[in-house]
Amino acid sequence: MSDEQRLQMVVGEVQNARQQVASLSAQIKEISQTITSIRQHPADAALHRQMGAVLIEVTDRDELVSDLENTNKRMSEALTTIREREAELVSAYETLKQNLGE
Numbered sequence: 074m075s076d077e078q079r080l081q082m083v084v085g086e087v088q089n090a091r092q093q094v095a096s097l098s099a100q101i102k103e104i105s106q107t108i109t110s111i112r113q114h115p116a117d118a119a120l121h122r123q124m125g126a127v128l129i130e131v132t133d134r135d136e137l138v139s140d141l142e143n144t145n146k147r148m149s150e151a152l153t154t155i156r157e158r159e160a161e162l163v164s165a166y167e168t169l170k171q172n173l174g175e
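When you line the sequence shown up against my numbering, it's residues 74 to 175, in that order.
(1) Determine the contact status of L169 and R79, defining contact as a CB-CB distance below 7 Å.
(2) Going by DSSP, what residues sit across from R122 in a beta bridge?
(3) Using the rule of at least 16 other Cβ atoms within 10 Å of the residue's Cβ for burial, across every protein chain shown, is L162 buried or exposed?
(4) Where do the ends of the alpha helix (DSSP H) carrying A90 lie?
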């Protein structure tokens with residue numbers, strides 16, 4: 074594989090990593106806002122969770138918040154991994170770009 078082909082491949086991988094970062098960041102923000110909303114929701118008011126196409130009444134708010142916090146933590150860890158991979162790819166891109174310029 075030529076340096077030009079590798080460069081094109083790395084560019085595609087960088088773009089993919091950046092899309093994943095944007096998507097995960099948006100999902101993490103949404104979950105964080107959901108947790109905040111649940112905590113501010115009056116305790117005596119019904120709270121529902123969507124399960125597929127059905128809304129189910131939540132009977133254990135603490136469990137729901139815990140589930141959301143765990144999901145948020147896993148997504149944050151995945152985001153860190155993807156950002157690290159993105160940095161590696163950008164470094165590889167710069168190296169390949171320099172090699173092509175020589």
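Cβ coordinates follow ideal geometry from the N, Cα and C atoms, glycine included.
So, from the listed chains and residues:
(1) The beta carbons of L169 and R79 sit closer together than 7 Å.
(2) Beta-bridge pairing links R122 to I129.
(3) buried
(4) 76-113
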